[in-house]
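Residue numbers (the numbering used here): 1 to 456.
Shown next as structure tokens:
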């Protein structure tokens with residue numbers, strides 16, 4: 001079994017793409033990703049709040065994009081490349097840039113998930129339709145389970161259209177079977193109104209039918225306490241219900257079953273979540289972070305799709321709500337954020353939440369790139385060069401020109417500084433010219449650069 005090459009309770013500061021590339025495959029049970037939404041807005045935490053100094057731009061252009069990512073996707077994921085091109089043509093180049101940024105990261109997230117793992121992608125109406133198609137392309141449309149609608153704000157008026165009050169959370173699984181613990185939502189007022197009766201101790205209850213009349217599959221016919229009927233339960237069960245005080249004897253001689261309100265978990269959670277309030281200005285958990293999500297939202301997701309001891313990853317952790325929730329629910333967790341403020345916030349929030357259990361070093365903070373150890377030990381330099389020369393048929397992996405063996409140089413497709421390994425799958429042969437053009441950048445940069453040089 002593959003084990004993580006990092007400790008639980010680790011929070012990385014840096015580009016999550018580089019960090020995820022250095023993490024071992026199939027080590028994560030649940031991913032909650034709350035990326036920027038491409039909403040064409042700038043966010044900043046107010047001065048004086050715990051999150052002061054945290055800010056991000058939620059507008060994407062080609063200037064924000066590492067153009068090399070396009071080359072990587074075009075080479076390895078042509079179907080996704082077509083999807084991104086379509087987004088650029090039908091929506092905007094900004095949307096194409098945003099989806100390209102997301103695509104390279106979602107591909108890494110898929111690699112990190114265990115076969116029984118799940119991923120929840122939080123988005124809004126600005127990009128949800130495009131992200132849904134992208135997730136279908138990466139995880140497979142059969143692995144789509146739900147599009148959850150979360151009512152994130154109270155009713156308001158939007159000019160010349162219906163009020164936008166919801167976010168979408170796309171729920172996908174890595175395989176055909178996955179961890180699932182049924183979540184529940186509170187009953188609505190109409191259902192609660194059924195519990196009109198109370199016992200002497202004040203416990204509220206309603207009554208259900210015990211007869212099997214009209215029930216497919218038949219029932220059990222017998223007489224109980226002077227009432228003969230076709231019952232839903234056998235005689236032994238009826239006696240047990242009576243002994244435990246779960247039978248209600250009606251005035252006309254009938255028998256019905258008591259359902260106590262305090263014994264019900266709630267109604268099984270549906271795909272519309274309107275029972276979790278957003279963070280308001282008076283909320284105790286509020287730290288002032290832009291787009292902060294409520295703890296109850298993450299509690300529901302983590303409880304439903306993981307078990308105690310499972311590993312939860314939040315690659316856009318911001319103020320680390322998912323990390324705090326995972327800690328309180330006895331899950332292992334790892335967070336990544338581009339802002340150093342996230343490391344400060346997770347420590348502050350955990351200290352406030354768990355009190356005396358918090359201590360110095362409780363959270364490990366890192367800004368380095370992990371090194372994968374889930375792949376076989378690399379061959380020596382010359383062995384690798386022999387194998388690669390044969391696989392590439394003596395041609396440079398950049399310009400595709402043929403060269404003699406002695407003119408090739410072994411190169412890392414993804415540089416070690418960006419999480420690349422020494423495994424042969426991450427190695428290639430380049431001619432001297434291509435290797436110097438590429439430098440310490442990924443292979444996709446070289447491909448894009450060579451195309452540009454060919455056009456000039």
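Yeah, the Cβ is synthetic: ideal placement off N, Cα and C, and Gly gets one too.
- The C-beta separation of residue 29 from residue 306 comes to about 5 Å, placing the pair in contact by the 8 Å criterion.
- Around residue 34, the same chain offers 122, 316 as residues with beta carbons nearer than 6 Å, after the five sequence neighbours per side are excluded.
- With respect to residue 340, residue 22 sits apart: the two C-beta atoms are not nearer than 9 Å.
- Take residue 420, set aside five residues on each side of it, and the residues of its chain with a beta-carbon closer than 6 Å to its own are 412, 414, 426, in chain order.
- By the beta-carbon neighbour count (other beta carbons within 10 angstroms, threshold 16), residue 326 is buried.
- Counting only runs of 4+ residues, the alpha helix (DSSP H) found wholly inside the stretch 226 to 255 occupies 235 to 243, in chain order.
- Burial state of residue 12 is buried, judged by a 10 Å Cβ sphere holding 16 or more other Cβ atoms.
- Residue 94 places its beta carbon 9 Å or farther from that of residue 143.
- DSSP, read as helix, strand or coil, puts residue 80 in helix.
- Between residue 385 and residue 408, the C-beta spacing is below 9 Å.
- Nearest neighbour of residue 157 by Cα position, chosen from 151, 150, 165, turns out to be 165.
- Counting along the chain, residue 130 sits inside the alpha helix (DSSP H) bounded by residues 128 to 139.
- Nearest to residue 318 by C-alpha distance, out of 343, 147, 89, 110, is 343.
- The continuous beta strand (DSSP E) containing residue 409 extends over residues 408 to 412.
- Take residue 221, set aside five residues on each side of it, and the residues of its chain with a beta-carbon closer than 8 Å to its own are 228, 229, 230, 231, in chain order.
- Remark: C-beta atoms of residue 406 and residue 442 do not approach each other more closely than 9 Å.
- The closest CA to that of residue 163, considering only 151, 2, 169, is found on 151.
- According to DSSP, residue 195 shares a beta bridge with no other residue.
- When the Cα atoms are used, residue 292 and residue 302 turn out to be separated by approximately 17 Å.
- Each residue's CA atom was taken as its position, placing residue 297 and residue 208 some 33 Å apart.
- Burial check for residue 249: the Cβ neighbour count within 10 Å stays below 16, so the residue is exposed.
- The continuous beta strand (DSSP E) containing residue 117 extends over residues 113 to 123.
- In the structure shown, residue 327 falls within a helical segment according to DSSP collapsed to helix, strand and coil.
- Residue 104 and residue 136 have their C-alpha atoms spaced approximately 14 Å apart.
- Taken in chain order, the complete beta strand (DSSP E) segments of 3 or more residues contained in the stretch 335 to 388 are 364 to 366.
- Annotated three-state conformation of residue 153 is coil, per DSSP.
- DSSP lists 121 as the bridge partner or partners of residue 33.
- One alpha carbon belongs to residue 323, the other to residue 167, and they sit about 21 Å apart.
- Beta-carbon to beta-carbon, residue 311 and residue 334 are separated by about 7 Å, close enough to satisfy the 8 Å threshold.
- For the pair residue 115 and residue 238, the Cα-to-Cα distance works out to about 44 Å.
- Closest by C-alpha distance to residue 97, out of 435, 113, 255, 80, is 80.
- In summary, residue 196 is exposed, with fewer than 16 beta-carbon neighbours lying within 10 Å of its beta-carbon over all protein chains present.
- Beta bridge pairing from DSSP links residue 314 with 335.
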